[in-house]
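Just so you know, the sequences run in chain order A, B and C.
Heads up: the first sequence at position 107 corresponds to 107 in the working numbering, and the numbers run straight through without jumps.
Heads up: the second sequence at position 34 corresponds to 34 in the working numbering, and the numbers run straight through without jumps.
Heads up: the third sequence at position 14 corresponds to 14 in the working numbering, and the numbers run straight through without jumps.
A short write-up of the structure that comes next.
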Amino acid sequence: MSRLPIRLEKSVYIAASASAAGKNEKEGPLGDCFDLTSDDDRFGQDTWEKAESEMQRLALDAALGKAGYGQDSLDAVFAGDLLNQCVASNYGLMSFGIPFFGLYGACSTAAESLILASLLCGAGAKRCAAVTSSHFCSAERQFRFPLEYGGQRTPTAQWTVTAAGAFVLTDDREDVRTDASVKAIPRIAAVMPGIVTDRGIDDLSNMGAAMAPAAADTLTRYFSAGADPGEFDLIVTGDLGREGAEILRDLIASTGRDIRRNHVDCGLLIYDCDGTDRHAGGSGCGCSAAVMASNILSNVRAGVLKRVLFVGTGALMSPLTVNQKGTIPGIAHLCDITGEVTK
Amino acid sequence: MNTDNKTYKKYAAGRAKKSPILKNCASAFASGGAICAAGHGLRRLFIYAGLSDDNAGMLTSSALILIAVLLTGFGVFDTVAKHTGAGTLVPITGFANAVASSAIDSRTEGLVPGIGAKIFTVAGPVLVWGISAGAVWGIVYFLVGAVFMKGGT
Amino acid sequence: MEYLRAFTVGGALCVLAQILIDKTRMSPGRILVIYVVAGVALGAVGLYGPLVEFAGGGATVPLTGFGWLISEGVRKAVDAEGAVGILKGGVSAAAGGITAALFFGAVASLVFRSKPKR
Numbered sequence: 001m002s003r004l005p006i007r008l009e010k011s012v013y014i015a016a017s018a019s020a021a022g023k024n025e026k027e028g029p030l031g032d033c034f035d036l037t038s039d040d041d042r043f044g045q046d047t048w049e050k051a052e053s054e055m056q057r058l059a060l061d062a063a064l065g066k067a068g069y070g071q072d073s074l075d076a077v078f079a080g081d082l083l084n085q086c087v088a089s090n091y092g093l094m095s096f097g098i099p100f101f102g103l104y105g106a107c108s109t110a111a112e113s114l115i116l117a118s119l120l121c122g123a124g125a126k127r128c129a130a131v132t133s134s135h136f137c138s139a140e141r142q143f144r145f146p147l148e149y150g151g152q153r154t155p156t157a158q159w160t161v162t163a164a165g166a167f168v169l170t171d172d173r174e175d176v177r178t179d180a181s182v183k184a185i186p187r188i189a190a191v192m193p194g195i196v197t198d199r200g201i202d203d204l205s206n207m208g209a210a211m212a213p214a215a216a217d218t219l220t221r222y223f224s225a226g227a228d229p230g231e232f233d234l235i236v237t238g239d240l241g242r243e244g245a246e247i248l249r250d251l252i253a254s255t256g257r258d259i260r261r262n263h264v265d266c267g268l269l270i271y272d273c274d275g276t277d278r279h280a281g282g283s284g285c286g287c288s289a290a291v292m293a294s295n296i297l298s299n300v301r302a303g304v305l306k307r308v309l310f311v312g313t314g315a316l317m318s319p320l321t322v323n324q325k326g327t328i329p330g331i332a333h334l335c336d337i338t339g340e341v342t343k
Numbered sequence: 001m002n003t004d005n006k007t008y009k010k011y012a013a014g015r016a017k018k019s020p021i022l023k024n025c026a027s028a029f030a031s032g033g034a035i036c037a038a039g040h041g042l043r044r045l046f047i048y049a050g051l052s053d054d055n056a057g058m059l060t061s062s063a064l065i066l067i068a069v070l071l072t073g074f075g076v077f078d079t080v081a082k083h084t085g086a087g088t089l090v091p092i093t094g095f096a097n098a099v100a101s102s103a104i105d106s107r108t109e110g111l112v113p114g115i116g117a118k119i120f121t122v123a124g125p126v127l128v129w130g131i132s133a134g135a136v137w138g139i140v141y142f143l144v145g146a147v148f149m150k151g152g153t
Numbered sequence: 001m002e003y004l005r006a007f008t009v010g011g012a013l014c015v016l017a018q019i020l021i022d023k024t025r026m027s028p029g030r031i032l033v034i035y036v037v038a039g040v041a042l043g044a045v046g047l048y049g050p051l052v053e054f055a056g057g058g059a060t061v062p063l064t065g066f067g068w069l070i071s072e073g074v075r076k077a078v079d080a081e082g083a084v085g086i087l088k089g090g091v092s093a094a095a096g097g098i099t100a101a102l103f104f105g106a107v108a109s110l111v112f113r114s115k116p117k118r
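Set out below in structure tokens:
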């Protein structure tokens, strides 16, 4: 049946991951985890769109460096961002000359690209990459208001994260560079593509509520196929924020399962939200990409986290559908990541 | 929680943290009132300087617009406005901020498709519907006047 | 005393908009449009004029005052020139504010650069 998880027949490993982030993110609780940061969020570029592209380039470049892979050795890269026509990815990764797939899954793109890259790696490709980004300044002006516009945000509103994350995958365990600090190699064991779920939410400043049912659907399907929430050290959702995270825990609890103990949300990890303008937390596909690529996977490599369920969440509306009084559909893609202990 | 969409929407809206409306209203009142009182003072000043009522009013608006545009450019307006809310939005300063912020943000797209077109993103609707409402009023006023003149004299 | 009147009336108009923002999730752009059109309508029925007399800047500085200016302009132009005034009066009366906003905004966009929010 098509709605079951896809278990990877051939093992696929995350050889390396890297992240780039802006100033607000650098000053957040995970600030020290990011590989590259820019104090003016411009990364040396003259437009915000180019700055976002540059973040992607830097992140992939750093990930390739860590893995010790030449750019010519990659079979494909799956990449996405929030901008119209995925321009941040198109322009940012052009210089690598790697066969390219551009994706749009809103904020779920980090998980979406990771799923597709792992499937291609398991299906004959040797090395693939997944890269995603979001930039507050380019997203804000596309989805909401100009940057200098004087508006008020509601307490449920989320803050688009300025960050990019890159993952480099391989189908060969011997192909993963390790040293003494690496206690485990992250392996993608199973994936579960999400289904577009619309529960009628139309409040653009409460996207957590729009995405939570999609995350609940994907997780419930995954648990029903034979996994217990307790098996995982961490269940990491992408960017549900405070509202969405609490709704998700409620929705899962109503199915008789409990994720309260081990659920975290990247949108809440990346900022210290209390008393700041971040309100309900971070959002954007750079949010989960950067948090996974830095903090979470480092902990898997260090052996602290043995099994992690990554659920990338996305809200699939556009400014146009919002103007036409459309509702906000959500989606959530899942990756089951296991740390395979090194000898 | 396999409820229907209506129930879910209600549940989500019900649990969502509400905006601090009393605090927002208090700061909107204070800031908006202050801007209006300042505008009133400016108008007095222009009249004192010998300008006609109409021109004094026009220059008052223009001066407030200039101040708001400068504060927008220096990145001060939005940091103040997140506290003042409608207090800076409703006075002519909010209109000026909408115009200037749209223009500044779209500069990278060029003079014509960027600044020229996008300057109207928020200001355009105000002009279109304000001027159109004025035209409708003009038609009504003219017709009423025409009927009244015929019938009355 | 007149400053207190300006402060109170202007502040009250802002509070009304703040309630609309917080209670109805109406976008700021929509509120500005409603205020301008309301100003035209109130000016047309003759209610806004007395408020301007009473509150001065408290009534002219908010965007309803901009609408009132348009309605007054139209009325005067129709009185003076008949039907052609329908097309001329509104924008003529509001010309200064519109030009100031567009001109200053355009110049500002050439001088300033957009900045990230912190």
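We put the CB at the ideal spot given by N, CA and C, even for glycine.
>> With the cut-off set at 9 Å, would you say Phe112(C) and Gly73(B) are in Cβ contact?
In response: Here residue 112(C) refers to the residue found at position 112 of the third sequence. Here residue 73(B) refers to the residue found at position 73 of the second sequence. Yes, these two residues count as a Cβ contact at 9 Å.
> With C-beta atoms as the reference, is Val196(A) less than 9 Å away from Phe310(A)?
Replying inline: Position 196 of the first sequence, counting from 1, holds the residue named residue 196(A). Position 310 of the first sequence, counting from 1, holds the residue named residue 310(A). Not closer than 9 Å, so no.
>> So, at 6 Å on beta carbons, what are the nonlocal neighbours of Ala81(B) in its own chain, with the 5 sequence-adjacent residues on each side left out?
In response: The sequence position of residue 81(B) within the second sequence is 81, counting from 1. Excluding residues up to 5 positions away in sequence, Thr88 lie with their Cβ nearer than 6 Å to the Cβ of Ala81(B) in the same chain.
> Name the chain A residues whose beta carbon is nearer than 8 Å to that of Phe77(B)?
Replying inline: Position 77 of the second sequence, counting from 1, holds the residue named residue 77(B). Going along chain A in sequence order, the residues near Phe77(B) (Cβ under 8 Å) are Glu148, Gly150.
>> Is there a C-beta anywhere in chain B that falls below 9 Å from the one on Ala209(A)?
In response: Position 209 of the first sequence, counting from 1, holds the residue named residue 209(A). It does; some Cβ of chain B falls within 9 Å.
> So which of Ala253(A), Leu248(A), Phe232(A), Pro329(A) has the shortest CA-CA distance to Val304(A)?
Replying inline: Within the first sequence, the letter at position 304 stands for residue 304(A). Per the Cα distances, Phe232(A).
> Helix or strand or just coil, what does DSSP make of Gly330(A)?
Replying inline: As a position in the first sequence, residue 330(A) is number 330, starting the count at 1. Gly330(A): strand per DSSP, three-state reduction.
>> Ala290(A) and Leu248(A) - do their beta-carbons sit closer together than 9 Å?
In response: The residue labelled residue 248(A) in the question sits at position 248 within the first sequence. The residue labelled residue 290(A) in the question sits at position 290 within the first sequence. No; because the gap between Cβ atoms is not below 9 Å, this pair is not in contact.
>> So, under 8 Å CB-CB, Gly282(A) and Ile270(A) are touching, yes? Tell me the CB distance rounded to an integer number of Å.
In response: Counting from 1 along the first sequence, the entry for residue 282(A) is found at position 282. Counting from 1 along the first sequence, the entry for residue 270(A) is found at position 270. With a Cβ gap of about 5 Å, Gly282(A) and Ile270(A) count as contacting.
>> Quick check: what's the CA-CA separation for Val144(B) versus Ile47(B)?
In response: Here residue 144(B) refers to the residue found at position 144 when the second sequence is read from its first residue. Here residue 47(B) refers to the residue found at position 47 when the second sequence is read from its first residue. Their backbone Cα atoms lie some 35 Å apart in a straight line.
> Quick one: does Asp265(A) have its CB under 9 Å from some CB of chain C?
Replying inline: Taking the first sequence and counting its residues from 1, the one referred to as residue 265(A) is at position 265. It does not: the Cβ of Asp265(A) has no partner Cβ on chain C nearer than 9 Å.
> Any heavy atom of the ligand PLP within a distance shorter than 8 Å of the CB on Asn299(A)?
Replying inline: In the structure on display, the ligand PLP does not appear, and there are no ligands present to speak of.
> Near Gly67(C), what residues of its chain come up, given a Cβ to Cβ distance below 6 Å and the 5 sequence neighbours on each side ignored?
Replying inline: For the purposes of this step, residue 67(C) is taken as the residue at position 67 of the third sequence. Val36, Gly39, Val40, listed in sequence order.
>> Given this structure, state the Cα-to-Cα distance separating Glu81(C) from Gly130(B), to the nearest angstrom.
In response: The residue labelled residue 81(C) in the question sits at position 81 within the third sequence. The residue labelled residue 130(B) in the question sits at position 130 within the second sequence. So the two alpha carbons sit approximately 21 Å from each other.
> Could you check where the alpha helix (DSSP H) with Ile19(C) kicks off and where it finishes?
Replying inline: By 1-based counting over the third sequence, the position of residue 19(C) is 19. Where Ile19(C) is concerned, the enclosing alpha helix (DSSP H) stretches over 2-24.
> Rounded to a whole number of angstroms, what is the C-alpha to C-alpha distance between Gln45(A) and Gly11(C)?
Replying inline: Position 45 of the first sequence, counting from 1, holds the residue named residue 45(A). Position 11 of the third sequence, counting from 1, holds the residue named residue 11(C). If you take the alpha carbons of Gln45(A) and Gly11(C), they lie about 43 Å apart.
> For Ala17(C), is the classification buried or exposed, using 16 other Cβ atoms within 10 angstroms of its Cβ as the cut-off for buried?
Replying inline: Walking along the third sequence from the start, residue 17(C) turns up at place 17. Flag for Ala17(C) reads buried.
>> Please report the distance separating the alpha-carbon of Ala332(A) from that of Ser106(B).
In response: In the first sequence, counting from the first residue as 1, residue 332(A) sits at position 332. In the second sequence, counting from the first residue as 1, residue 106(B) sits at position 106. Cα-Cα distance, rounded: 33 Å.
>> I need the straight-line Cα distance from Asp4(B) to Pro213(A), nearest angstrom please.
In response: Your numbering for residue 4(B) matches position 4 in the second sequence. Your numbering for residue 213(A) matches position 213 in the first sequence. So the two alpha carbons sit approximately 12 Å from each other.
> Would you call the segment 51-59 of chain A and the segment 16-26 of chain A in contact, with 3 or more CB pairs under 8 Å?
Replying inline: yes
> Taking the beta strand (DSSP E) that Glu9(A) falls in, what are its first and last residues?
Replying inline: Translated into positions along the first sequence, residue 9(A) becomes position 9. Segment 6-21, the beta strand (DSSP E) holding Glu9(A).
>> Here's the rule: buried if 16 or more other CB atoms are within 10 angstroms of the residue's CB, otherwise exposed. What is Ser89(A)?
In response: The residue labelled residue 89(A) in the question sits at position 89 within the first sequence. By the 10 Å Cβ count, Ser89(A) comes out buried.
>> I'd like to know if Ala80(C) contacts chain B, where contact means its C-beta is closer than 9 Å to some C-beta of that chain.
In response: Here the question's residue 80(C) lines up with position 80 in the third sequence. Output row for Ala80(C): interface = no.
> Rounded to the nearest angstrom, how far is the Cβ of Lys118(B) from that of Ala103(B), given a contact under 8 Å?
Replying inline: The residue given as residue 118(B) occupies position 118 in the second sequence. The residue given as residue 103(B) occupies position 103 in the second sequence. Contact flag correct, Cβ pair sits at about 7 Å.
> Quick one, which residues of the segment 40-74 of chain B are near chain C if we go by CB-CB under 9 Å, in chain order?
Replying inline: His40, Gly41, Leu42, Arg43, Arg44, Asp54, Asn55, Gly57, Met58, Leu59, Thr60, Ser61, Ser62, Ala63, Leu64, Ile65, Leu66, Ala68, Val69, Leu70, Thr72, Gly73, Phe74
> Alpha carbon to alpha carbon, how far is Ser92(C) from Leu127(B)?
Replying inline: Looking up residue 92(C) in the third sequence gives position 92. Looking up residue 127(B) in the second sequence gives position 127. Going by the C-alpha atoms only, they are around 13 Å apart.
>> When you compare the CB of Pro229(A) with every CB in chain B, is at least one pair closer than 9 Å?
In response: For this step, residue 229(A) is matched to residue 229 along the first sequence. Not closer than 9 Å to any Cβ of chain B, the Cβ of Pro229(A) fails to qualify, so no.
> Is any beta-carbon of chain C found at less than 9 Å from that of Gly22(A)?
Replying inline: The residue labelled residue 22(A) in the question sits at position 22 within the first sequence. Interface residue, yes.
> If you drop the 5 nearest sequence neighbours on each side, which residues of the same chain put their C-beta closer than 6 Å to that of Leu74(A)?
Replying inline: Taking the first sequence and counting its residues from 1, the one referred to as residue 74(A) is at position 74. Within the same chain, Leu74(A) has close Cβ partners Ile98, Arg127, Ala129.
> Among the residues of its own chain, which have a CB less than 7 Å from the CB of Asn206(A), if the five just before and after it don't count?
Replying inline: As a position in the first sequence, residue 206(A) is number 206, starting the count at 1. Closer than 7 Å at Cβ, skipping near neighbours: Thr156, Glu243.
> Any idea what DSSP makes of Glu148(A), helix, strand or coil?
Replying inline: In the first sequence, the residue the question calls residue 148(A) occupies position 148. Correct three-state label for Glu148(A): coil.
> Do the segment 46-61 of chain C and the segment 31-47 of chain B make contact, defined as three or more Cβ pairs closer than 8 Å?
Replying inline: yes
>> Within a Cβ cutoff of 7 Å, which residues of the same chain sit near Leu32(C), ignoring the five residues on either side of it in sequence?
In response: Translated into the one-based positions of the third sequence, residue 32(C) becomes position 32. The answer, listed in chain order, is Leu63.
> Should Gly80(A) and Met211(A) be called a contact, given that it needs their Cβ atoms to be closer than 9 Å?
Replying inline: Residue numbering aside, residue 80(A) sits at position 80 when the first sequence is read from its first letter. Residue numbering aside, residue 211(A) sits at position 211 when the first sequence is read from its first letter. No. Outside cutoff.
> For a contact meaning CB atoms closer than 7 Å, what does Phe143(A) contact in chain C?
Replying inline: Here residue 143(A) refers to the residue found at position 143 when the first sequence is read from its first residue. Residues of chain C passing the Cβ test: none, with the nearest at roughly 13 Å.
> Less than 9 Å separating the beta-carbons of Val168(A) and Lys66(A)?
Replying inline: Translated into positions along the first sequence, residue 168(A) becomes position 168. Translated into positions along the first sequence, residue 66(A) becomes position 66. A contact, by the Cβ cut-off of 9 Å.
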